[in-house]
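Quick notes on the structure that follows.
Number of protein chains: 2
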Amino acid sequence: MTRWLTDEEQRAWRAYLHATHLLAEALERQLQRDSGLPHAYYEILVRLSEAPDRMLRMNELADASQYSRSRLSHAASRLEAAGWIERLECPTDRRGQLARLTDDGFAALEAAAPGHVEAVRTLLFDPLSPEQVSQLRAISEAVIARVQQWPVERGVSPTAAG
Amino acid sequence: MTRWLTDEEQRAWRAYLHATHLLAEALERQLQRDSGLPHAYYEILVRLSEAPDRMLRMNELADASQYSRSRLSHAASRLEAAGWIERLECPTDRRGQLARLTDDGFAALEAAAPGHVEAVRTLLFDPLSPEQVSQLRAISEAVIARVQQWPVERGVSPTAAG
DNA sequence: GACTATTCGTTGAGGTTTCAACTATTGCCA
DNA sequence: TGGCAATAGTTGAAACCTCAACGAATAGTC
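This is the structure we're talking about:
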């Protein structure tokens, strides 16, 4: 009793997959080439730069960036080795680690930001009307709400194997 | 002279990033758990299943799936080892390789499809109105057109390092 | 036919992500 | 306080992707 996709949905789904793939790839390359940063790491630096004292618990940073703990931990090691962040003991919880953006890290972010923003604008916002921009936001928010109300752990279709 | 994002654009951009991330992750996990297939490989099997004789040149398969040659080649090795596809010599071009979906591969796809479709429907289409579905398609198509008209190789912002 | 450029697909190295396992610490509750 | 679950973060192995380089075949040109 599978509810298959209609033709209209099928077309929308494929267009969505294609568009998100192309956009992500283009932004990835732009960032990588112009500043040597993967988009994932750029995100981390952005979050830190917006935090008070440019500092966050690994925990909060992971949640803010939608990263797994493990992924963030590996990424942090790399960013630390590059001198862009540093790790500090957390004074209130001895399990905790604080990640702080260094001056070098901030400089790297400042150097990367204009090109990245320009790319986002050129590839995403320029071709959209103002109405489409707010439609995109509404659609995105609806999906966010839906996915969060349906945690991944529970599984979506436990019968698929049967 | 960077054209920074407006607040409205900023919000749309972050919502977009968040939504695409959550959705991709949820679908990835669902597929992985229910059928052991990464979404990337699922895509490959789908393309093959739709082709005449369930068979495509590596070339065409790469283009259809938006994969790099290298990525597809690695993926094909893996899928071949799993017994889901097989490689055949191309009769008309001795450089070529044909990838053909095996019966086992088709069976794996048939087993995975209902759960995956159900997840796509549940997480993406159920929370959207019909209007939003066509908006999503229009937005996606606009972005596709834009990105393709602006090839990655040329670079988006050669001045970002300055 | 030889020369060159292009295309096809693969390979290996290196970087990133996931997964499962692990230690250390905190929170809860009797 | 002692016991136990939950949380914070790290680690190593395996999977996956990217990049650059490569060998092989084809296409275009003279």
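Chains as they are written, first to last, in the working numbering: chain Y, 1 to 162; chain H, 1001 to 1162.
Where is the CB? At the ideal position from N, CA and C, for every residue including glycine.
Any non-hydrogen atom of the ligand SAH within 7 Å of residue i CB
i	result
I85 of chain Y	The ligand SAH is absent from the structure shown, which contains no ligands of any kind.
For residue i, the nearest candidate out of the options (CA to CA)
i	options	result
L1045 of chain H	H:R1094, H:W1004, H:D1034, H:L1109	H:L1109
E1008 of chain H	Y:E86, Y:H74, Y:A138	Y:A138
A1142 of chain H	Y:Y16, Y:H74, Y:A76, Y:W4	Y:Y16
A81 of chain Y	Y:S65, Y:A99, Y:E28, Y:T92	Y:A99
E1033 of chain H	H:E1060, H:L1124, H:T1122, H:A1111	The identity of residue 1033 of chain H in the sequence shown is Arg, whereas the question assumes Glu. Among H:E1060, H:L1124, H:T1122, H:A1111, the Cα nearest to that of R1033 of chain H is on H:A1111.
T1092 of chain H	H:L1048, H:E1025, H:R1057, H:L1031	H:R1057
D53 of chain Y	Y:E86, Y:A76, Y:S65	Y:E86
A12 of chain Y	H:I1144, H:S1140, H:Q1149	H:S1140
A40 of chain Y	Y:M55, Y:Q135, Y:L61	Y:L61
I144 of chain Y	H:A1026, H:S1049, H:A1064, H:Q1010	H:A1026
S49 of chain Y	Y:F106, Y:P130, Y:Q135	Y:F106
C1090 of chain H	H:S1134, H:E1043, H:M1055, H:A1019	H:M1055
T1102 of chain H	H:A1051, H:L1072, H:S1070	H:A1051
Q97 of chain Y	Y:M1, Y:P114, Y:A113, Y:R69	Y:R69
W1150 of chain H	Y:E131, Y:D126, Y:Q149, Y:S134	Y:D126
R71 of chain Y	Y:E43, Y:E28, Y:P130, Y:R94	Y:E43
P164 of chain Y	Y:M1, Y:L88, Y:A113, Y:R94	As shown, chain Y starts at 1 and ends at 162. That puts residue 164 of chain Y outside it, with no answer to give.
Any C-beta of chain Y under 8 Å from that of residue i
i	result
E1008 of chain H	yes
L1163 of chain H	Outside the shown range of chain H, which is 1001 to 1162, sits residue 1163 of chain H, and nothing can be said about it.
V1152 of chain H	Only weak support is given to the placement of V1152 of chain H: the predicted model assigns it a pLDDT of 43, under 50, and the value that follows is read from those uncertain coordinates. V1152 of chain H counts as touching chain Y.
L1088 of chain H	no
E1110 of chain H	no
L1037 of chain H	no
A1026 of chain H	yes
Y1042 of chain H	no
L1056 of chain H	no
A1019 of chain H	yes
A1145 of chain H	yes
A1012 of chain H	yes
Chain H within 8 Å of residue i, Cβ atoms only
i	result
L48 of chain Y	no
Q32 of chain Y	no
A62 of chain Y	no
F125 of chain Y	yes
L5 of chain Y	yes
P114 of chain Y	yes
A15 of chain Y	yes
A51 of chain Y	no
G155 of chain Y	Low per-residue confidence applies at G155 of chain Y: pLDDT is 39, beneath 50, and the placement is therefore not dependable, though the value from the model is reported in the following sentence. Yes, G155 of chain Y lies at the interface with chain H (some Cβ there is under 8 Å from its Cβ).
Cβ distance (whole Å) where residue i is taken to contact residue j below 8 Å
i	j	result
V1147 of chain H	L128 of chain Y	That belief does not hold up - the Cβ atoms of V1147 of chain H and L128 of chain Y are roughly 13 Å apart, past 8 Å.
L5 of chain Y	R1047 of chain H	Contact flag wrong, Cβ pair sits at about 16 Å.
H1116 of chain H	L1031 of chain H	6 Å
Q66 of chain Y	H1074 of chain H	Their Cβ separation, rounded to whole angstroms, is 27 Å, which puts Q66 of chain Y and H1074 of chain H out of contact at 8 Å.
R1003 of chain H	E118 of chain Y	7 Å
D63 of chain Y	W84 of chain Y	In fact, because the Cβ distance is near 20 Å, the residues do not count as touching under 8 Å.
Q1135 of chain H	Q135 of chain Y	5 Å
4 or more residues per run - each alpha helix (DSSP H) lying fully within the stretch 1023 to 1081 of chain H: Taking only runs of at least 4 residues, the alpha helix (DSSP H) segments lying wholly in the stretch 1023 to 1081 of chain H are 1039 to 1050, 1058 to 1065, 1069 to 1081.
3-residue-minimum beta strand (DSSP E) runs that sit fully inside the stretch 1110 to 1157 of chain H, ordered along the chain: List check, beta strand (DSSP E) in window: nothing returned.
Interface positions of the stretch 68 to 84 of chain Y facing chain H (Cβ-Cβ less than 9 Å), listed along the chain: Taking 9 Å as the Cβ-Cβ cut-off against chain H, none of the residues of the stretch 68 to 84 of chain Y qualify.
Contact list for the stretch 91 to 102 of chain Y against chain H, Cβ threshold 8 Å: So the list is empty, because no residue satisfies the distance condition.
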